[in-house]
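Respectively, the protein sequence lines represent chains A, B, C, D, E and F.
For the first sequence, UniProt numbering assigns the number 1 to the initial residue and increments by one for each residue that follows.
For the second sequence, UniProt numbering assigns the number 1 to the initial residue and increments by one for each residue that follows.
For the third sequence, UniProt numbering assigns the number 1 to the initial residue and increments by one for each residue that follows.
For the fourth sequence, UniProt numbering assigns the number 1 to the initial residue and increments by one for each residue that follows.
For the fifth sequence, UniProt numbering assigns the number 1 to the initial residue and increments by one for each residue that follows.
For the sixth sequence, UniProt numbering assigns the number 1 to the initial residue and increments by one for each residue that follows.
There are 6 protein chains.
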Amino acid sequence: MVEQTRFEAGSQALADIDGAGGQAVVDSLQDIAPDLGRWIVEFAFGDIYTRTAISSQQRELVTLGSLVTQGDTAPQLTVHIQGALNVGLSQEQVVEAILQCVPYVGFPRVINAIHVARTVFTKPARRAV
Amino acid sequence: MVEQTRFEAGSQALADIDGAGGQAVVDSLQDIAPDLGRWIVEFAFGDIYTRTAISSQQRELVTLGSLVTQGDTAPQLTVHIQGALNVGLSQEQVVEAILQCVPYVGFPRVINAIHVARTVFTKPARRAV
Amino acid sequence: MVEQTRFEAGSQALADIDGAGGQAVVDSLQDIAPDLGRWIVEFAFGDIYTRTAISSQQRELVTLGSLVTQGDTAPQLTVHIQGALNVGLSQEQVVEAILQCVPYVGFPRVINAIHVARTVFTKPARRAV
Amino acid sequence: MVEQTRFEAGSQALADIDGAGGQAVVDSLQDIAPDLGRWIVEFAFGDIYTRTAISSQQRELVTLGSLVTQGDTAPQLTVHIQGALNVGLSQEQVVEAILQCVPYVGFPRVINAIHVARTVFTKPARRAV
Amino acid sequence: MVEQTRFEAGSQALADIDGAGGQAVVDSLQDIAPDLGRWIVEFAFGDIYTRTAISSQQRELVTLGSLVTQGDTAPQLTVHIQGALNVGLSQEQVVEAILQCVPYVGFPRVINAIHVARTVFTKPARRAV
Amino acid sequence: MVEQTRFEAGSQALADIDGAGGQAVVDSLQDIAPDLGRWIVEFAFGDIYTRTAISSQQRELVTLGSLVTQGDTAPQLTVHIQGALNVGLSQEQVVEAILQCVPYVGFPRVINAIHVARTVFTKPARRAV
Chain A
1 MVEQTRFEAG SQALADIDGA GGQAVVDSLQ DIAPDLGRWI VEFAFGDIYT RTAISSQQRE
61 LVTLGSLVTQ GDTAPQLTVH IQGALNVGLS QEQVVEAILQ CVPYVGFPRV INAIHVARTV
121 FTKPARRAV
Chain B
1 MVEQTRFEAG SQALADIDGA GGQAVVDSLQ DIAPDLGRWI VEFAFGDIYT RTAISSQQRE
61 LVTLGSLVTQ GDTAPQLTVH IQGALNVGLS QEQVVEAILQ CVPYVGFPRV INAIHVARTV
121 FTKPARRAV
Chain C
1 MVEQTRFEAG SQALADIDGA GGQAVVDSLQ DIAPDLGRWI VEFAFGDIYT RTAISSQQRE
61 LVTLGSLVTQ GDTAPQLTVH IQGALNVGLS QEQVVEAILQ CVPYVGFPRV INAIHVARTV
121 FTKPARRAV
Chain D
1 MVEQTRFEAG SQALADIDGA GGQAVVDSLQ DIAPDLGRWI VEFAFGDIYT RTAISSQQRE
61 LVTLGSLVTQ GDTAPQLTVH IQGALNVGLS QEQVVEAILQ CVPYVGFPRV INAIHVARTV
121 FTKPARRAV
Chain E
1 MVEQTRFEAG SQALADIDGA GGQAVVDSLQ DIAPDLGRWI VEFAFGDIYT RTAISSQQRE
61 LVTLGSLVTQ GDTAPQLTVH IQGALNVGLS QEQVVEAILQ CVPYVGFPRV INAIHVARTV
121 FTKPARRAV
Chain F
1 MVEQTRFEAG SQALADIDGA GGQAVVDSLQ DIAPDLGRWI VEFAFGDIYT RTAISSQQRE
61 LVTLGSLVTQ GDTAPQLTVH IQGALNVGLS QEQVVEAILQ CVPYVGFPRV INAIHVARTV
121 FTKPARRAV
């Protein structure tokens, strides 16, 4: 049951935090690398996101800092900017978190991330039904 | 007076958040690039850290995500891990924030950052007097 | 007046160096993160580009080296390749500056930047009117 | 004759390993930076790929690790994923090599590379005639 | 038992491939982030290294490409250069794998990695007893 | 004779630009990867630095932008900051070139590079005899 529990716990965390966008990432890997999708659920979300030392909002803030800095992560920023909104951060707070990266990675990465944020903010919300 | 206000506001924010470690960074630049130190105070801390859309704790979480991800930032991680403690995050929360980066940047960056955290946690607190 | 002077000086430097492309970047941020656009003008261009220890041509050469190396910076390379031409570097010199990065970052970053350069070189010049 | 030999040896290695995709990269640089294309042939392929201490399959595995990690390298990954197939690695092995990067660079870089692999795997093979 | 099996399988793979150096990394995390060490064993080695689509030699070649490229990974390169030797690659092949990165990331990363390789090659082998 | 010419031309360029520091890099590779040192001379310096579309000063400015941005390049920055001085840039201009990177890569990379510059500026000049 343990393995199932990791997958189940991860699936729940993925749904709670990243919502439909997170599941879409996992689904997109089914045809070519299904284990990669499973590891995202079991390891990233089952092992890590379920821990309680920091909140989901705090996790998304760290994640935004990481993704903005790394670059070439527009698809992941799209998921996690939506994720940040899903866990209760406001659009203003998401923008501010991205701006906080200016002193550490400079303007180009931040400008690119802000344009991703606009796209997330302005698209119609994805619905499950 | 405006320029002075940016410097003053930044100096206060730098002292409140990064404490002696932040001031040490600025001081270390006086002999060779004093304007660089001034920009850190005026721009990073005066213009950005003083904004209120997110809290100092939230800023430090974003910053940890950024610095862990960027790599070759041990001196800056040292300052901002201490800064995270200064604004009220616990050692456990700092460790957890660093661990949150594993899915996004892998183990090497995270292992290196954890060893920086240990050094910060175990050194005697710097005192002004 | 000081703050205004930084903005004014930065606006002038931005116009002189990056031209319409630089202003377009600032304008593109007005709806979502106007302060980010303001910081580009005041800090990057007002505080830094106005300094005289190196010339605008020298600044653009450093900037090309930085942007080519960083990766995921095609929009910024577009602006600064045009900026390099605006301050008097020739197309041949811009290409050569990009080629100079091969020993330091390898072929992929350089090939990608060369393709951006082609796009800049072949598009009709943007006009203000 | 030596210089010719480097170019000839490199052209042969480029054709053997990266096939039409590699030649297309070189050709794409002819109008703007022909020496860049020549260096790829002479230096990367003539000087390096012709060495025998490791096999072409081993070279492509190292190269996949490098390109996945670097990010913003989709065009180069496209060429070298095809190259890996050209030298006899299976689609399953290419996917596995990309997955091997998860512990070292995290999920975003790997997910992006997997989507490039799918594109390479599903497109009709390029033919010379 | 499943969870135990992942840990056990990972411990075996870690011992087989990275040897004492890999275990030393895990041990070094016990006091501050023991779960991080556990994830390296269970996820990196238990879930990934145990897969059979590519060999251990092939995994280490991909890993070398990744670590050389990422930079700021001297401790990890130290472990995996030794790991590459442990799984049967020769010193000459390890050097060649590092040199293969020159066209993709340039000379600085490769030079730094070569100096790490020298340190690994010349130190007395670590023994368990 | 052609191959010899590339090596000779590269050796001269290396000596003219990076001086003893450049030769020391090449020498440091003789025991473990002599071809890597040869490629630096033949390819980087023989093929590229000898071109005349931009000056040696301009090449060093691009190189500084690249190395500051890449990170984990302190040894290379040491050589090229000295190289920049060798080709006639002043200490003030080198500092300014490094500061020019702040808007593009943020403060950490720039602070680290400034400390490398101080070390270069304050060490006694290396002499051949």
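Ideal Cβ positions, reconstructed from N, Cα and C, are used throughout, including at glycine.
**Report entry** Where F:Phe7 meets chain D, residues with beta-carbon distance less than 7 Å
**Finding:** Those do not exist, as F:Phe7 stays about 11 Å from chain D at its closest Cβ, beyond 7 Å.
Report task. For E:Val26, name the three-state secondary structure that DSSP assigns. Result -> Of the three classes helix, strand and coil, the one that applies to E:Val26 here is helix, per DSSP.
Requested in this report: Starting from the beta carbon of F:Arg51, find every residue of chain C whose beta carbon is closer than 7 Å, and list them in chain order.
Outcome: Against F:Arg51, the close residues of chain C are Glu96, in the order they occur along the chain (beta-carbon pairs closer than 7 Å).
Query raised in the report: Between which two residues does the alpha helix (DSSP H) harbouring F:Gly37 extend?
Result: Segment Pro34 to Trp39, the alpha helix (DSSP H) holding F:Gly37.
Query raised in the report: Where do the ends of the alpha helix (DSSP H) carrying F:Thr63 lie?
Result: Unbroken alpha helix (DSSP H) run through F:Thr63: Ser56 to Gln70.
**Report entry** Nonlocal neighbours in the same chain, by C-beta distance under 6 Å from C:Leu29, ignoring five residues either side
**Finding:** Excluding sequence neighbours, C:Leu29 sits near Leu36 and Gly37.
Query - Supposed close pair E:Leu64, D:Val62 - CB separation, criterion 8 Å - result: Contact between E:Leu64 and D:Val62 holds: CB atoms are separated by about 6 Å, below the 8 Å threshold.
Query - Within-9 Å CB hit, F:Gly106 to chain A - result: Output row for F:Gly106: interface = yes.
Query raised in the report: Can you list the residues of chain B that F:Ile114 reaches, using a CB-CB cut of under 7 Å?
Result: Per Cβ cutoff of 7 Å: Leu29, Ile32, Ala33 and Leu36.
Query raised in the report: Excluding sequence positions up to five away, which residues of its chain have a Cβ less than 6 Å from the Cβ of E:Val105?
Result: Listed in chain order, the non-local C-beta contacts of E:Val105 below 6 Å within the same chain comprise Thr69, local neighbours out to five positions each way being set aside.
Query raised in the report: On the three-state DSSP scale, how would you describe E:Val79?
Result: DSSP, read as helix, strand or coil, puts E:Val79 in helix.
Requested in this report: May I ask you to report which of helix, strand or coil DSSP gives D:Asp18?
Outcome: The answer is coil: DSSP assigns D:Asp18 none of H, G, I, E or B.
Query raised in the report: What residues in its chain sit with their C-beta under 6 Å from that of E:Gly71, if we drop five residues either side in the sequence?
Result: So the qualifying residues of the chain are Arg109.
Report task. Report the option in A:Arg51, A:Arg59, A:Ala15 and A:Ala84 whose CA atom is closest to the CA atom of A:Ala117. Result -> Ranking the options by Cα distance to A:Ala117, first place goes to A:Ala84.
Query raised in the report: Thinking C-alpha only, which one of C:Val102, C:Cys101 and C:Val79 is nearest C:Phe121?
Result: The shortest C-alpha separation from C:Phe121 is found at C:Val79.
Report task. Use the C-beta contact count for C:Pro103: other C-beta atoms within 10 angstroms, 16 or more gives buried, fewer gives exposed. Result -> Classification for C:Pro103: buried.
Query raised in the report: Can a CB atom of chain E be found closer than 9 Å to the CB of D:Ser11?
Result: The C-beta of D:Ser11 comes no closer than 9 Å to any C-beta of chain E.
Query raised in the report: Using the C-alpha atoms, what's the distance from E:Val41 back to E:Thr50?
Result: Using only the alpha carbons, I get a separation of about 11 Å.
Query raised in the report: In terms of residues, what are the limits of the alpha helix (DSSP H) holding E:Ala96?
Result: With the sequence shown as reference, residue 96 of chain E is identified as Glu, and Ala is not the correct amino acid for it. It spans Gln91 to Leu99 - the alpha helix (DSSP H) in which E:Glu96 sits, taken as one unbroken run.
Query raised in the report: Sorted by chain position, which residues of the same chain lie with C-beta nearer than 8 Å to A:Asn86's C-beta, five sequence neighbours on each side aside?
Result: Correct list, in chain order: Asp16, Ile17, Asp18 and Gly19.
Requested in this report: For C:Val103, go through chain E and note every residue whose CB falls closer than 7 Å to its CB, in chain order.
Outcome: According to the sequence displayed, residue 103 of chain C carries Pro and not Val. One finds Gly106 and Phe107 in chain E with Cβ atoms closer than 7 Å to the Cβ of C:Pro103, taken in chain order.
Requested in this report: If I'm right that C:Ala113 touches C:Ile98 with Cβ under 8 Å, what's the distance once you round it to whole angstroms?
Outcome: With 8 Å as the limit, C:Ala113 and C:Ile98 qualify as a contact, their Cβ atoms being about 5 Å apart.
Query raised in the report: Can you give the Cα-Cα distance for A:Ala53 and B:Ile32, rounded to whole angstroms?
Result: If I take the Cα positions, the gap works out to 42 Å.
Query raised in the report: In or out: D:Asp47 buried (at least 16 other Cβ within 10 Å) or exposed?
Result: In the assembly as shown, D:Asp47 is a buried residue. Its beta-carbon has 16 or more other beta-carbons within 10 Å.
Query raised in the report: In three-state terms, what does DSSP make of E:Val129?
Result: In this predicted model, E:Val129 has a pLDDT of only 40, less than 50, meaning its place in the structure is not dependable enough to derive any value.
Query raised in the report: When the Cα of D:Phe107 is compared with those of A:Leu77, A:Glu92 and A:Cys101, which residue comes out closest?
Result: For D:Phe107, the nearest C-alpha among the options comes from A:Leu77.
**Report entry** Contact list for A:Phe43 against chain E, beta-carbon separation under 7 Å
**Finding:** Those within 7 Å of A:Phe43 in chain E are Phe43.
Query raised in the report: Among E:Ser55, E:Ala44 and E:Glu96, which one has its Cα closest to the Cα of D:Cys101?
Result: Of the listed residues, the one whose Cα sits closest to D:Cys101 is E:Ala44.
Query raised in the report: Under 9 Å, do E:Gly88 and E:Gln57 count as touching if we go by C-beta distance?
Result: Cβ distance < 9 Å, so E:Gly88 and E:Gln57 count as in contact.
**Report entry** F:Asp31 in three-state terms, based on DSSP
**Finding:** Residue state, collapsed to three classes: coil.
Requested in this report: Say whether chain C places a C-beta atom closer than 9 Å to the C-beta of F:Gln23.
Outcome: No, F:Gln23 does not count as interfacial toward chain C.
Requested in this report: Could you tell me the distance, in whole angstroms, from the CA atom of E:Met1 to the CA atom of A:Arg6?
Outcome: Per-residue confidence for E:Met1 stands at a pLDDT of 48, beneath the threshold of 50, marking its modelled position as unreliable; no derived number is given.
Report task. Spell out whether any CB of chain F is found under 9 Å from the CB atom of E:Ile111. Result -> Answer yes: the Cβ-Cβ gap between E:Ile111 and chain F drops below 9 Å somewhere.
Query raised in the report: DSSP three-state call for B:Val87: helix, strand or coil?
Result: Coil, per DSSP.
Query raised in the report: Can you tell me whether DSSP reads D:Thr52 as helix, strand or coil?
Result: Residue state, collapsed to three classes: coil.
Query raised in the report: With 16 other CB atoms within 10 Å as the buried threshold, where does D:Ser90 fall?
Result: D:Ser90 should be labelled exposed.
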